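Participant:
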Amino acid sequence: MIVRRFFYGAEDGAGGGAGGAGAAGEAGAAAGAAGAGGAAPAAGAAAGGEGAAAGGGSKLPKFADQLPPEFKAQHAKDLESYADKKLGDVLGEYFTLKAKMGRALLFPDPKTSTAEEIADFKAKMGLPENAEAYEYKLEAFKDMPGLEEFVKQHRAHAYASGMNKAQAQRDLEFMLGFAKAAQDHSAAEQADAKAHFDEHLVKALDPDGKRPADQVTTEAAAIKNRMILFFTKSLGNAELAKDAAARGILHDPTWARAFATVQARLEDAPFHDGKPAGGGGEKPKRGTQGSYSPEFEAAYGGKE
130 MIVRRFFYGA EDGAGGGAGG AGAAGEAGAA AGAAGAGGAA PAAGAAAGGE GAAAGGGSKL
190 PKFADQLPPE FKAQHAKDLE SYADKKLGDV LGEYFTLKAK MGRALLFPDP KTSTAEEIAD
250 FKAKMGLPEN AEAYEYKLEA FKDMPGLEEF VKQHRAHAYA SGMNKAQAQR DLEFMLGFAK
310 AAQDHSAAEQ ADAKAHFDEH LVKALDPDGK RPADQVTTEA AAIKNRMILF FTKSLGNAEL
370 AKDAAARGIL HDPTWARAFA TVQARLEDAP FHDGKPAGGG GEKPKRGTQG SYSPEFEAAY
430 GGKE
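In short: position in the sequence shown from 1, add 129, done, that's this note's numbering.
1) Taking only three categories from DSSP, how would you classify Pro-237?
2) Do Ile-357 and Leu-330 count as a contact pair if the criterion is CB distance below 8 Å?
3) Can you find at least 3 beta carbon pairs, one from the stretch 262-270 and one from the stretch 244-253, that sit closer than 8 Å?
4) For the putative contact between Lys-309 and Met-273, defined by C-beta atoms under 8 Å, what is the C-beta separation to the nearest angstrom?
5) Is Asp-335 close to chain B, meaning its C-beta is less than 8 Å from at least one C-beta of that chain?
6) Are the beta-carbon atoms belonging to Leu-334 and Glu-348 less than 8 Å from one another?
7) How about Ala-212 and Pro-190: do their beta carbons lie closer than 8 Å?
8) Contact defined as beta carbons within less than 8 Å: I believe Phe-360 pairs with Leu-369. What is the distance between those atoms, to the nearest angstrom?
9) Please work out which residues of its chain come closer than 6 Å, Cβ to Cβ, to His-380, disregarding the five sequence neighbours upstream and downstream, and give them in chain order.
10) Terminal residues of the continuous alpha helix (DSSP H) containing Ser-363?
11) With DSSP as the reference, label Pro-341 as helix, strand or coil.
12) Are the CB atoms of Ala-393 and Arg-340 nearer to each other than 8 Å?
13) How would you write the range of the alpha helix (DSSP H) that His-325 sits in, first residue to last?
14) What is the rounded straight-line gap between the Cα of Asn-434 and the Cα of Met-254?
15) Go ahead and pull the three-state DSSP assignment for Gly-306.
16) Apart from the five residues on each side of it in sequence, which residues of its chain come closer than 6 Å, Cβ to Cβ, to Tyr-288?
17) Measuring only the C-alpha atoms, how far is Ala-373 from Ala-320?
18) Assuming contact is defined by CB atoms lying nearer than 8 Å, are Phe-192 and Leu-226 in contact in what I supplied?
19) In its own chain, which residues sit with a C-beta less than 8 Å from the C-beta of Pro-237, not counting the 5 before and 5 after it?
20) So for His-286, helix, strand or coil by DSSP?
21) Counting C-beta neighbours from all protein chains within 10 Å, is the total for Tyr-263 16 or more, i.e. buried, or is it exposed?
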């Protein structure tokens with residue numbers, strides 16, 4: 130009962146404040162344990178609990194007693210998370226964190242860092258000194274058209290984007306993969322157009338299949354022959370024919386019919402002569418339409 134009255138009397142902190150609430154609680158519990166009679170231990174334990182509650186309870190780890198009061202007050206919340214840990218546990222975490230921090234890579238401040246510090250940072254990050262320093266592995270794409278120019282542009286892109294060498298390699302492979310897939314698809318389409326050109330041409334001439342087969346076959350053969358004559362005779366340019374073939378134009382029924390039409394006009398259309406402005410002579414008069422033959426006028430509109 131003496132203990133209970135003592136702690137009740139210290140509601141405002143006057144009783145156990147000097148020794149600390151935790152200590153008061155422990156003293157109360159001890160007094161309760163040593164009290165006489167059956168009710169005394171329980172009363173003492175209750176008094177100890179009340180004393181701990183009055184002071185807010187002791188949630189700090191045991192090793193906190195070795196810390197300066199100012200430090201405990203400043204880091205009380207953090208220390209509470211270590212209430213169930215020993216000092217060795219805390220030191221173990223500290224040494225682990227210290228080792229990780231030792232391996233950490235700090236970004237240099239462009240305003241205060243030296244050129245050597247920035248260069249060292251770039252080297253550790255795998256960043257090249259300039260765009261030309263990117264070295265790519267291009268074995269899988271060596272036969273792609275325009276590869277050299279594409280790689281040149283990608284080096285500038287990678288450097289401006291701050292990519293390290295590994296990142297740049299992966300990015301280039303990703304982009305070239307798309308380009309190669311598109312080229313392969315186009316090549317496959319051209320190969321199919323070439324292999325089945327006759328079928329496609331017949332289908333274009335007779336989409337509904339209602340015309341006589343021999344008539345359609347004859348017309349298709351005439352178109353092919355005239356197209357060949359257009360490039361070999363009328364144009365006389367083998368390189369242009371190769372370029373048209375590379376682009377798939379020669380095996381496109383629409384283009385084939387257009388070339389054949391031009392060649393037919395070159396072969397069949399008669400030449401209609403016309404005299405220059407002023408009716409001829411060494412010094413034709415300006416501003417006149419000239420004298421044209423009736424055939425020329427009929428073919429090309431004659432005088433306005």
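By construction, the Cβ of each residue, glycine as well, lies at the ideal position given by its N, Cα and C atoms.
Given the structure is predicted, the values throughout are model-derived calculations rather than measurements.
Facilitator: Per the coordinate set shown:
1) It is coil, neither helix nor strand.
2) No, the Cβ-Cβ distance between Leu-330 and Ile-357 is not below 8 Å.
3) The stretch 244-253 and the stretch 262-270 do not touch, with fewer than three beta-carbon pairs separated by less than 8 Å.
4) In this structure Lys-309 touches Met-273 by the C-beta definition: roughly 6 Å separates them, less than 8 Å.
5) This model lacks chain B altogether, as it is built from one protein chain only.
6) Cβ atoms of Leu-334 and Glu-348: closer than 8 Å.
7) A contact, by the Cβ cut-off of 8 Å.
8) Taking the Cβ atoms as the reference, Phe-360 lies roughly 7 Å from Leu-369, within the contact range of under 8 Å.
9) Closer than 6 Å at Cβ, skipping near neighbours: Ala-322, Lys-323 and Phe-326.
10) Counting along the chain, no alpha helix (DSSP H) covers Ser-363, and no H or E run does either.
11) Pro-341 falls in the coil class under three-state DSSP.
12) Going by C-beta atoms, Ala-393 is not nearer than 8 Å to Arg-340.
13) Going by DSSP, His-325 is part of no alpha helix (DSSP H) at all; its letter is neither H nor E.
14) The chain is shown from 130 up to 433; residue 434 falls before or after that span and cannot be answered.
15) Correct three-state label for Gly-306: helix.
16) When the five nearest sequence neighbours on each side are left out, the beta carbons in the same chain lying within less than 6 Å of the beta carbon of Tyr-288 are those of Ala-260, in order along the chain.
17) Roughly 14 Å between the two C-alpha positions.
18) In this structure, Phe-192 sits away from Leu-226, with a CB-CB distance that is not shorter than 8 Å.
19) Glu-246, Ile-247 and Phe-250, listed in sequence order.
20) It is helical.
21) Its Cβ being crowded by 16 or more others within 10 Å, Tyr-263 is buried.
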